[in-house]
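Let me begin by presenting the structure, written as structure tokens, before commenting on it.
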Amino acid sequence: MSKRIVYREWLIQPERYWGLLAVLAAIIAIGGASALYMEHEGHWVTGMTNSVVWGLPHVFAVFLIVAASGALNVASIGTVFNKPAYKPLGRLSGLLAAGLLVGGLLVLVLDLGRPDRLVVAMTTYNFSSIFAWNIFLYTGFLAITIGYLWTMAERKGNYLQRPVGVFAFLWRLALTTGTGSIFGFLVGRTAYDTAVLAPMFVVMSFAYGLAIYMLVLMTSFEWDGRPIGPKILKRLKDLLGLFVGAVLYFTIVYHLTNLYGAKNTDFEAFLLANGGIYTLMFWGGWVLVGGLLPLGIIYHPRLGKDRNWIATACALVIAGGLAAMYVVIIGSQAFPLEMFPGKTVLAFGAPGDVGGAVAPYTPTLPELLLGIGGVGVAMLIVSVGIRVLQFLPESLSDKEMDGLAEAV
Amino acid sequence: MSREPDRQVNQDRRRFMGAAAGAVAGSAGGVGALAVGALGYTAADDAAAAPRTEPVSDRHRWGMFVDTAKCAEGCTACVDACDQENGLNLQAEPHGSNEAKWQNQRAVWIRKVKLQDKTSGHVTNLPLMCQHCEHPPCVDVCPTGASFKRADGIVMVDRHTCIGCRYCMMACPYKARSFIHEQVDQKLTRAPRGMGCVESCNLCAHRLDEGSASTACADACAAEGHHAIVFGDLKDPTSAVRQAMAKQPSRQIREDLELNTGVRYAGI
């Protein structure tokens with residue numbers, strides 16, 4: 049007799065629930081107002097220029113989209129790789145993935161020069177552009193995730209769970225590969241002209257998606273007084289450790305690949321040694337905060353068992369992930385395009401026009417608020433979802449988990 | 046010649062990566078996308094539709110030859126002429142903008158670049174604009190097909206379908222493109238301009254479409270007596286540009302990318 053998993057709506061007190069919604073609504077409203085301001089005035093009110101054309105909104109958008117595909121992994125582990133312990137986690141995984149994707153896409157769209165022309169983007173395609181492909185990958189991901197959620201929640205659809213799960217897993221791999229390829233195929237830019245970016249984005253998505261998933265899971269359970277047993281927590285944090293380690297590995301491969309190509313040594317010197325804020329973001333954010341520190345916590349004999357410390361490790365992975373996106377997206381635009389090898393650029397257009405030198409970029413407040421607004425949208429979708437529908441299992445205690453393992 | 050195999054490999058690699066991306070995307074249900082695509086694919090088809098009675102044809106390929114030895118230090122005649130011709134001088138710095146940042150935000154179609162050889166110390170001046178590639182990366186990456194190449198080789202932006210994503214600016218190896226960061230109050234009919242779209246040098250397409258085979262920058266350079274910029278039809282062996290190119294060796298900027306640019310330089 050297999051043990052049934054009982055799911056329940058999020059039962060926190062109404063004051064707390066509505067308070068949370070009010071805070072999220074305020075964050076979203078501020079983000080929306082920022083977008084409106086930027087669209088009305090034009091992008092001159094941002095830090096973006098003709099040199100650094102994608103700014104902080106892209107950092108948030110790409111992070112959220114990458115994390116979205118990673119968040120779905122937890123469900124995949126349950127259905128595709130048949131790990132019974134992950135089965136009760138699947139529904140939240142799907143919901144979070146959908147929420148993060150919607151949040152990321154909103155930021156991306158609202159940062160367009162002409163967001164009012166979204167319908168043009170949806171009806172006119174150039175299929176040699178990976179961007180055009182991504183429009184299908186993103187909308188398809190949403191549709192598949194919703195279908196996947198249905199197979200998990202509706203008993204009549206249960207038999208489809210595995211095929212749909214496998215399909216969703218393959219689709220999410222394609223999605224992150226596509227997102228990484230947005231950068232990987234830019235032959236003109238030193239930092240991007242490498243195929244290793246696509247798999248690196250896949251591994252990053254595993255880590256960032258899982259870190260967000262764990263934080264959301266722990267917070268929602270904590271607020272509702274539902275138990276998470278040490279066993280499942282250990283599984284999740286060990287998995288996070290593995291993914292964070294893999295991100296570090298790919299980071300090394302990426303830089304070694306660049307260093308091997310002699311023409312890229314200037315760029316590597318810029319990132320690793322003399323790039324100012326980008327060097328700081330790389331070593332301090334990407335490597336230390338997003339890699340070594342969380343690894344240290346996760347594998348620490350005592351801290352690795354403490355759930356507050358595990359939550360801290362998740363938060364660090366997220367912060368490090370944002371720093372990594374900042375370095376990948378903005379650092380490589382700030383680095384000058386190498387047009388004239390062997391020559392020093394003495395002048396490039398009128399004074400102030402940047403070429404042959406590191407381009408300055410200072411993000412402005414509206415950019416940051418728009419990005420945070422996207423996070424707010426994702427969290428709002430998750431909060432409402434788990435409140436009105438049965439997404440969260442009643443208990444993840446060790447006893448419950450043992451029952452699941454025996455049942456298979 | 047020794048570089049030939051290298052180039053071959055480079056092109057092959059690019060093709061492979063493109064195919065691989067297609068395969069990855071396709072494997073996860075790109076079938077549906079293709080079906081929709083078959084219905085929605087209109088991009089770049091309009092490329093040949095010129096506003097004049099006769100469509101633009103590929104009988105010509107417009108391009109330029111720049112003799113850097115003739116490009117005078119301190120002279121900005123080409124830049125000034127372009128600004129006038131295409132209404133770039135009408136751009137107004139938004140109130141409250143930071144001057145230094147604005148210089149990097151306003152639209153620029155052509156700029157004077159001054160280089161110094163790291164070994165010899167030799168100084169070179171040259172005008173840099175959209176290189177009108179035969180295989181333009183900006184056209185490849187544009188999601189809506191707004192960035193397109195005309196049959197006569199001119200690379201430009203369809204301002205009706207540009208959504209302002211700026212991916213073309215990421216892809217361009219020459220920093221040739223500008224995003225309109227501010228509200229536009231004044232503009233010329235021949236060079237419409239709108240906030241939130243991307244634009245760049247179009248080899249004075251309006252002149253060509255009126256039947257005049259010249260650009261403002263080349264004319265201004267000649268008027269100054271320098272004749273550093275020669276404009277013309279790269280497909281016509283008797284054209285001034287081909288004649289000038291036949292006389293001395295020239296090369297493309299970022300030749301390694303094999304974009305077959307329509308603008309060639311001597312002396313770099």
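For the protein sequence lines, the chains are A and B, in the order given.
Heads up, the first sequence is in our numbering, so the first residue is 49 and it goes up one at a time.
Heads up, the second sequence is in our numbering, so the first residue is 46 and it goes up one at a time.
The C-beta atom is built at its ideal place from N, Cα and C for all residues, glycine as well.
Problem - Cutoff 8 angstroms: Thr313 (chain A) Cβ touching any chain B Cβ - result: no
Handout entry: Extent of the continuous alpha helix (DSSP H) to which Val122 (chain A) belongs
Key = 121-127
Exercise for the section: Report all residues from its chain with a CB closer than 7 angstroms to the CB of His226 (chain B); omit the five preceding and five following residues, and keep chain order. Expected result: Gln150
Problem - 8 angstroms Cβ cutoff, Thr238 (chain A) in contact with chain B - result: no
Handout entry: Where His348 (chain A) falls, given that 16 or more other Cβ within 10 Å makes a residue buried
Key = exposed
Practice task
Would you verify that the beta carbon of Ile313 (chain B) is, or is not, closer than 8 angstroms to some beta carbon of chain A?
Solution key: yes
Problem - Spatial distance of Asn322 (chain A) from Met373 (chain A) (CA atoms) - result: 19 angstroms
Exercise for the section: Would you mind sorting Ser102 (chain B) into buried or exposed? The rule is 16 or more other CB atoms within 10 Å of its CB. Expected result: exposed
Exercise for the section: Check the Cβ of Met214 (chain B) against every Cβ in chain A and list those closer than 8 angstroms, keeping chain order. Expected result: Asn98, Val101
Practice task
Look up Asp162 (chain B) in the DSSP assignment and say whether it is helix, strand or coil.
Solution key: strand
Exercise for the section: Identify which residue in B:Cys242, B:Gly312, B:Pro172, B:Val158 has its Cα closest to the Cα of Asn98 (chain A). Expected result: B:Cys242
Exercise for the section: Identify whether Ile325 (chain A) lies in helix, strand or coil by the three-state DSSP scheme. Expected result: helix
Problem - Contacting positions in the segment 396-408 of chain A - beta carbon closer than 9 angstroms to chain B - result: Phe396, Gly397, Ala398, Pro399, Gly400, Asp401, Val402, Gly403, Gly404, Ala407, Pro408
Practice task
Compute the Euclidean distance between the alpha carbons of Leu340 (chain A) and Ile346 (chain A), then round it to the nearest angstrom.
Solution key: 10 angstroms
Practice task
Figure out for me which residue from B:Asp185, B:Phe224, B:Gln228 has the closest Cα to the Cα of Phe233 (chain A).
Solution key: B:Asp185
Handout entry: Endpoints, the alpha helix (DSSP H) within which Lys391 (chain A) is located
Key = Lys391 (chain A) -> not in any alpha helix (DSSP H); beta strand (DSSP E) instead, spanning 391-396.
Problem - Run of the alpha helix (DSSP H) containing Ile346 (chain A), from where it starts to where it stops - result: 341-346
Practice task
Taking 8 angstroms as the cut-off, decide whether the C-beta atoms of Gly390 (chain A) and Asp162 (chain B) are in contact.
Solution key: yes
Problem - Asp164 (chain A), DSSP secondary structure in three states - result: helix
Practice task
Could you confirm whether any beta carbon from chain A is found closer than 8 angstroms to the beta carbon of Ser142 (chain B)?
Solution key: yes
Handout entry: Outcome for Met170 (chain A) when other beta-carbon atoms lying within 10 angstroms are tallied against a minimum of 16
Key = exposed
Practice task
State yes or no: is the beta carbon of Asn121 (chain A) nearer than 8 angstroms to at least one beta carbon in chain B?
Solution key: no
Exercise for the section: Show which residues of chain B have a CB atom less than 8 angstroms away from the CB atom of Ala116 (chain A). Expected result: Within chain B, no residue comes near Ala116 (chain A); the closest Cβ sits about 15 angstroms away, beyond 8 angstroms.
Exercise for the section: For Ala133 (chain A), count neighbouring C-beta atoms within 10 Å of its own C-beta (all shown protein chains included) and say buried if the count is 16 or more, exposed if not. Expected result: buried
Practice task
Would you decide whether Thr283 (chain B) is buried or exposed? Buried here means 16 or more other CB atoms lie within 10 Å of its CB.
Solution key: exposed
Handout entry: Validate contact between the segment 356-373 of chain A and the segment 81-96 of chain A using beta carbons, cut 8 angstroms, 3 pairs
Key = no
Practice task
Work out the CA separation of Ala201 (chain A) and Met449 (chain A) for me, nearest whole Å.
Solution key: 19 angstroms
Exercise for the section: Between the Cα of Pro408 (chain A) and those of A:Gln61, A:Val101, A:Val71, spot the shortest distance and give me the residue it belongs to. Expected result: A:Val101
Practice task
With a threshold of 16 other CB atoms inside 10 Å of the CB of Gly190 (chain B), please say whether the residue is buried or exposed.
Solution key: buried
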